[in-house]
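Protein chains in written order, with the working numbering: chain V, 162 to 491; chain D, 162 to 491; chain E, 162 to 491; chain Y, 162 to 491. Positions of the beta carbon are idealized from the N, C-alpha and C atoms, including for glycine. This structure is a prediction, so every number in the text was calculated from the model and none was measured.
4 protein chains.
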Amino acid sequence: MLEKSIPAILRRYAGAAVCAALLHVIGWAPQHAAAQGWMPPPPDQRCPSPWGAGDERGAANRQTPQAVLNAVRLIREGKVYELGKLLDASMPRSPGRSFALELKRTNGPNGRNQQRGNEETVYTELGQMGTQFDGLAHQGLGAHLYNCIENDKVATRTGFTKLGVEKVGALFTRGVMLDIAQLKGVEMLPDAYEITVADLEQAMRRQDVDFGAGDAVLVRTGWGRLYAVDNARFMKGEPGIGVAAAEFLARRNVMMVGSDNWAVEVRPNPDPELVLPVHGFLLTVNGIFLVENLDLEGLSRDRVNEFAFIVEPLKLKGGTGSSVAPIAVR
Amino acid sequence: MLEKSIPAILRRYAGAAVCAALLHVIGWAPQHAAAQGWMPPPPDQRCPSPWGAGDERGAANRQTPQAVLNAVRLIREGKVYELGKLLDASMPRSPGRSFALELKRTNGPNGRNQQRGNEETVYTELGQMGTQFDGLAHQGLGAHLYNCIENDKVATRTGFTKLGVEKVGALFTRGVMLDIAQLKGVEMLPDAYEITVADLEQAMRRQDVDFGAGDAVLVRTGWGRLYAVDNARFMKGEPGIGVAAAEFLARRNVMMVGSDNWAVEVRPNPDPELVLPVHGFLLTVNGIFLVENLDLEGLSRDRVNEFAFIVEPLKLKGGTGSSVAPIAVR
Amino acid sequence: MLEKSIPAILRRYAGAAVCAALLHVIGWAPQHAAAQGWMPPPPDQRCPSPWGAGDERGAANRQTPQAVLNAVRLIREGKVYELGKLLDASMPRSPGRSFALELKRTNGPNGRNQQRGNEETVYTELGQMGTQFDGLAHQGLGAHLYNCIENDKVATRTGFTKLGVEKVGALFTRGVMLDIAQLKGVEMLPDAYEITVADLEQAMRRQDVDFGAGDAVLVRTGWGRLYAVDNARFMKGEPGIGVAAAEFLARRNVMMVGSDNWAVEVRPNPDPELVLPVHGFLLTVNGIFLVENLDLEGLSRDRVNEFAFIVEPLKLKGGTGSSVAPIAVR
Amino acid sequence: MLEKSIPAILRRYAGAAVCAALLHVIGWAPQHAAAQGWMPPPPDQRCPSPWGAGDERGAANRQTPQAVLNAVRLIREGKVYELGKLLDASMPRSPGRSFALELKRTNGPNGRNQQRGNEETVYTELGQMGTQFDGLAHQGLGAHLYNCIENDKVATRTGFTKLGVEKVGALFTRGVMLDIAQLKGVEMLPDAYEITVADLEQAMRRQDVDFGAGDAVLVRTGWGRLYAVDNARFMKGEPGIGVAAAEFLARRNVMMVGSDNWAVEVRPNPDPELVLPVHGFLLTVNGIFLVENLDLEGLSRDRVNEFAFIVEPLKLKGGTGSSVAPIAVR
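What follows is the structure, given as structure tokens:
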């Protein structure tokens, strides 16, 4: 299994961003200066992926037996935290997305045993609805998806011929929850607050937790309290990580970044010319998955810092992601 | 946590079935005699559920921290087996069920970072499609669902107000695979072969594996090789457990029964007047879940007898079940 | 072609309603007295239908060649009025109804001619969305649909085995528009205003128009101005005909009643114990169709009183109705 | 209202095709020679449309009051022929198209009147399913739709911002049915038979019928007998008009061309390098609509040559077409 070499990592931080990134490491850099003028590295600097030109799995390559064993070691009580929200019509969603669950008429009774059957149709953006796992076909930068695969060459009417979420498989790895709302002593971070590298580092120190290659990092903003309660505000914007924090996480080669907001990242981005830059940076540049709309309240309440994190995306062939119901187990 | 008392268990085996059941225990009973005239126990004998009259979770009540710890102990290598099949248009399905995944037109490019986004709509019987987890609202006997909840009182156009699959939560427990096809030395069991109690017991002896309360038992028939290959034959009938084997499993208080066929149970039932009797017996009478269309080939190839079994049903509010992508981990 | 005999018509007006109806004819009856205690006639008084016990077409039986010729005579200018509203996401709709139109990715280019193709998926309550034609399976009274056909015997998961909208066929008949908003000198009638028999009669006199067997009567309330403009108010209630006016129309054996509101009838009904009584009275008791959410502004502007009315319901097998785009031609 | 000038018409027949077209007029041209090497005229020769650079309605501009009056004159008996097929799961369709109609659970009973309500969800390619009307956004040639509107500039996820079928309106015009199967004395034309100009002309003479600007021409192949009976054969190929016959029809400035097959045109095209060339030629080059899967059996049985043809496409905003239930009236 290949891991990113240092030069490969550096190639990811083009131009001014390289300096900023290095400054971050030594704890100096003002976030916003770093963000100004930020651009994702161009194709020749970000491709091929460290897992090879043909790779379609990105950071799922970090899902090794050792990752499972690292996670299993954290299961001491057998306590399961459900991190998935309900899938129903109360979900917040972007304009133009649907969710309809229609219960069919009950079948039967059939046979001597008077068997009756129920089932339901669901119409929805199944890859991108509710608590969701973002796969590598979900986002592109210009003409390209992850590993510089050309979007229009692999997108068909019925899904992607490459990078479909069915390539990922279940992810079972060590999870770490960084509770930024708690760090700041608030119920939820302010609208459009950008979580900084310093915030992450302080939370790590305060919670006495670290993370590294192959881990899942879940960032708690408190914003999830608005989910299905005040959907208009929930969707209008959100506190979340910015580009600098995403770079910080990517440098540590995590497998996934999750949050209790809609997009993991701050919206709108402080740089008004960037649209969802963390999506492109994590998914497209680094092959790192996003997990959105997580319910992190239980973990926060119990001060759970690390745990086994298990997510089983549906094997939607050619899909861009999957609604999921992940768990944390300790 | 309540467990079934012996009288409660016995109440489940009405009339002639009680004798047959007892005979099974001592290894005498001819299966087909047992099945003749079989009827599920009537409401007054099967309700309330051992978990109380208000219970909506059935055997998910057996999902305890201890069940997790029992499962975790089996993870020694960190090896993950994907038991879910692909969700795509090639899936076998009953007439009248649909699966359509439509990739939307790519959004963007937006912003200086030229962000582009992809997503898909899915229209399908999401609770009952592909590798699937059957919840307690999926099946009824006459007017009633599990725990004698009246179907028509809880069924609404947009789902069930009770017994919805969102009540179950993730299941993480010890799994056992009984490889009946291998026991018989065949690639797949014959069409409509009824797996007997004796078959299960022989497989247990041969594989040197046992199971008990809260476990998931996966029964391999080999039938899954036809899935998406010869759908007409796959759907027409299938080898699987019959009523007697289901009773044998229910007496041991398992949490789930899974298989690599479409319905877990033999189809058509040898008793031509019974329609899907194992469904009603396990789900409605006993609150035991079914997991269908599993891919058990990897476990069979590697002779994996026991493992941690983890399944995360989508939290479809009011849903009858969920497409899933479960894993076995050892 | 059978027409209703007088006794058959009288049978439709049970108990107190008969007196009230007669009083209406001579212009005396206070509407609300009439409405108090109103009940639809019971099955034995309303069935069989005047078109026989096996009839599934109701007032579509009034669609005769003569009806076409009567309508054609009114076409003198060849001017077409489009009475259908746009089908798009801006449509007002009941909670739990959906409308999603997703354009597929463009196919091709194929061949030397560089052919490319486009198409769209639509998910919606197609029988009951936008400008819509209500068929006979749409409404029931207790256990029964039109002609006392038992709802649960003909309702299947994929449609009705009887009374489906595909039985109706295209309707091409004389149409009359009664402009009640104009009569009252208002842009739109007040919320929940019940249009009375006297209102209809005054409009008929003022517009110098009459109608009879097989005609389509379109009642303009002005309420349609709120459609897709203030959907919350549009759906909350509406001015429209009440039971007495519906009786008046049914006695004249019309084929359809249409309006520029959501339900043709006043909502909520002044009698708080009645739910959509005009629906049941016209569709279920009399087999008379409803056409809702019509755009009657052009006809009103041009003071068009009578015209050829042509509506082509989609032949949704077993459907309850159809989105339509009817026209008036003069 | 603009009509095509002669030069505008000629511009449509580029290169070798011009000669061939002229030869056709005088009845000499061998069809296949004409078809060899055929190409649709390039953008600069086909645009702007005769109705101006901004036009989005194509041949619907020929829908004038006079067209209605011409049609009305043909209605002498008031007899209505239903030309639409049933919309249900038995419909033939291309791979990847869906049709699901799900009847909801019956609502109610509500109120003293025990009101109950029914409705259904439908999921389908509504613009392109069953008897269907093809709008101008349905087909493109290279980058362009009708009137050289750039496909990718007007295609959004939720429909076309230009050329949507809602721009067309109802069409009510003179219709002519050319019965080629009857002309040839067969129940249906052979698979992949190309209907020639000579065939059309012979049918016109034999049926003593002519047609011109603004008319709808319906070409009967007999192929419709396979519809919902032998869908595999129905879809595999079909007899229909070829490019030369389409040119013949376009020169006469018809409004629509319909047929009882799936694509109006012969499939596969005799020139193996052309894909659906008649679609592109009629829709994209000439703005002439197609109406497919018509039921022409009644008209054929009764030897009805001309009639009023009325089709009311649903007003799907931004849609590529519409399922329809057109009628012929005489």
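Quick check: the Cα distance between residue i and residue j, rounded to an integer number of angstroms?
i	j	result
E238 of chain Y	Q224 of chain E	13 Å
I310 of chain Y	F321 of chain Y	11 Å
V337 of chain D	A353 of chain Y	58 Å
L460 of chain V	N454 of chain V	14 Å
V380 of chain E	F409 of chain E	13 Å
G401 of chain Y	R394 of chain Y	15 Å
E243 of chain Y	F450 of chain V	55 Å
L435 of chain D	I356 of chain D	16 Å
A407 of chain Y	L387 of chain D	47 Å
D249 of chain E	A220 of chain D	45 Å
R464 of chain V	G385 of chain V	17 Å
V446 of chain V	G373 of chain V	18 Å
A196 of chain Y	R273 of chain E	For A196 of chain Y, the pLDDT reaches just 48, beneath the cut-off of 50, and the residue's location in the model is therefore unreliable, leaving the point undetermined.
F442 of chain D	R207 of chain D	10 Å
D421 of chain E	D340 of chain E	10 Å
Q192 of chain V	P270 of chain E	Residue placement at Q192 of chain V is poorly supported in this model, since its pLDDT is 35, which falls under 50; the coordinates still yield a value, given next. About 47 Å.
A389 of chain E	G291 of chain E	10 Å
Quick one: using the 10 Å Cβ neighbour count with 16 as the cut-off for buried, is residue i buried or exposed?
i	result
P201 of chain E	buried
P253 of chain E	buried
D360 of chain D	buried
D216 of chain E	buried
G346 of chain E	exposed
A214 of chain E	exposed
S251 of chain E	exposed
K314 of chain E	exposed
D371 of chain E	exposed
S255 of chain D	exposed
R428 of chain E	buried
Got a sec? Which residues, its chain only, sit under 7 Å from residue i by beta carbon, not counting five neighbours each side?
i	result
L235 of chain V	R335, E467, F468, A469 and R491
L437 of chain V	A424 and E426
Quick one: residues in its chain with C-beta nearer than 6 Å to the C-beta of residue i, no 5 flanking neighbours on either side, listed in chain order?
i	result
A486 of chain V	G245
A375 of chain Y	Residue identity check: residue 375 of chain Y is Gly in the sequence provided, not Ala. Correct list, in chain order: R223, A228, T334 and M416.
T267 of chain D	R277 and N279
G419 of chain D	L379, V452 and L455
G482 of chain Y	G288, Q289, Q293, F294, D295, G296, H299 and V326
E348 of chain E	G383
I187 of chain E	The predicted position of I187 of chain E is uncertain, since its pLDDT is 35 and thus under 50; no value can be drawn from it.
K323 of chain E	E217, I310 and V315
L332 of chain E	Q224 and V472
When DSSP builds the beta bridges, which residues end up paired with residue i?
i	result
N271 of chain Y	Y:Q276
Q293 of chain Y	Y:E453 and Y:S484
R428 of chain Y	Y:E399
A261 of chain D	D:Y284
F470 of chain E	E:T334 and E:A489
Q343 of chain D	Answer is none; Q343 of chain D lacks a bridge partner.
How close, in whole Å, do the beta carbons of residue i and residue j come, if the pair is a contact with beta carbons under 8 Å?
i	j	result
E263 of chain Y	T319 of chain E	7 Å
V233 of chain Y	V233 of chain E	6 Å
Closer than 8 Å by C-beta to residue i: which residues in its own chain qualify, once you throw out the five before and the five after it? Chain order, please.
i	result
A304 of chain D	E311, N312 and D313
S259 of chain E	Y284, T285 and E286
S210 of chain V	D216, G219, Y307, N308 and G448
M396 of chain E	P253, R254, S255 and W423
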